[in-house]
Amino acid sequence: MYHERFSKERGRLTVGVFSKVRDLLQANIMDIVNKAEDPEKMLNLYVDRATEEVRNFQIQVNRAVADKIQLEEKIQALNKEISQRSEQATLAVQQNRDDLARTALTLKKEAENSLADYRAQLSDQEKAVSDLQENLRLLTEKLGKAKMERDNLVMRERRAQTMKKANEAVSGLSSRDPLGDIDRMKDRVDRMEAEAKASRTMVEFNSVEDQFADLEKGKTAAAVEDELAQLKASLKKDE
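In our numbering, the protein residues as written are 8 to 246.
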């Protein structure tokens, strides 16, 4: 009876833990994110809490399995006791000890009654263990999905923050576009190049004009020489 009460009490604790972790995993993650100032921190706390609850549920399942093993051991021991009591009763009868035979048979009957009780408990415990293990499997799957959803949401949140900062940086640059400075620098360089080209043209032009001036000077000198020669010839003719 004590073992039966113990199993029922443990069953209530197990159901309580299961309900707690089930309710936790059925919570709306997006509501948690929307209400949190720091979504990543809140999601991590949520997953950590769910993981701890699943771990506690795993402990309860392990205890239920341990209870099942204890029942099986009790049944095995009772079967052995029943066999021994039968042998004792037989031996007592052979020795004309009906009193011992009655005692052995009485103890055998008590063991058989206990055996029936433990077999009934074992049947219930086996079903409970099977149900608990299936529930643990479902909760573990839900926890895995919650972790995946947490990771995806954290990744999306970080990506959104990065894009927001990048957009803000670009928006800040739009008021003073650095490309405008580059264009103004390009205009300045183009103007300097044009001025250099113009100065070179002037140099070349001046050089040509100098050459023409030299030609004019040579022409004048030749005319002077011709006129001088004519003057000398005229003077010589007058003599």
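Backbone N, C-alpha and C define an ideal beta-carbon position, used for all residues, glycine too. Because the structure is a prediction, the values reported are computed rather than measured.
Classify N103 as helix, strand or coil using the three-state DSSP reduction.
DSSP, read as helix, strand or coil, puts N103 in coil.
Using the three-state DSSP reduction, which class does F13 fall into: helix, strand or coil?
Since pLDDT at F13 reaches only 43, below the 50 mark, its modelled position is unreliable, and no value is offered.
Own chain, CB closer than 7 Å to D124, minus 5 neighbours either side, in chain order
Correct list: empty, nothing qualifies.
With distances taken Cα to Cα, identify the nearest neighbour of N86 among V68, E119, D194, I76.
E119
Taking only the alpha-carbon atoms, compute the straight-line gap between K154 and A73 and give it to the nearest angstrom.
The alpha-carbon atoms of K154 and A73 are separated by roughly 30 Å.
Among V161, I89, I66, D131, the one whose alpha carbon lies nearest that of T113:
I89
Taking the C-alpha atoms as reference points, what is the distance between K239 and K224?
22 Å
So what's D194 in DSSP terms, helix, strand or just coil?
helix
C-alpha distance - Q102 paired with K116, whole-angstrom precision
21 Å
Using a Cβ-Cβ cut-off of 7 Å (strictly less than) and excluding sequence neighbours within five positions of A111, which residues of its own chain qualify?
R92, Q95, A96, A99
If you compare alpha carbons, which of T227, A201, V136 is closest to I66?
The residue with the shortest Cα to Cα distance from I66 is V136.
Quick check: what's the CA-CA separation for N142 versus D106?
Distance between the alpha carbons of N142 and D106 is about 53 Å.
Alpha-carbon to alpha-carbon, V61 and E148:
11 Å
State the Cα-Cα distance for the pair Q128 and F64, rounded to the nearest angstrom.
Straight across, the Cα-Cα distance linking Q128 with F64 is about 22 Å.
For A203 and V196, the rounded distance between their alpha carbons
10 Å
Rounded to the nearest angstrom, what separates M49 and K75 at their Cα positions?
39 Å
Cut-off 8 Å between Cβ atoms - residues of its own chain near I82, not counting five sequence neighbours on either side
L122, Y125, R126, L129
Whole-Å CB distance - V54 paired with R165, under 8 Å assumed
The pair is not a contact, with the Cβ atoms about 16 Å apart (cut-off 8 Å).
Nearest by alpha-carbon distance to K134: which of E232, M192, V68 is it?
Comparing Cα-Cα distances from K134 to each of E232, M192, V68, the minimum goes to V68.
How many angstroms separate the CA atom of V177 from the CA atom of N51?
32 Å
Burial state of A71 (16 or more Cβ within 10 Å)
Buried, since its Cβ has 16 or more Cβ neighbours within 10 Å.
CA-to-CA distance, R109 to E11, given in whole angstroms:
At E11 the pLDDT is 49, less than 50, meaning the model places this residue with poor confidence; the figure from the coordinates comes in the next sentence. Whole-angstrom Cα-Cα distance: 29 Å.
Whole-number beta carbon distance between L78 and Q132, since they are thought to touch under 8 Å
6 Å
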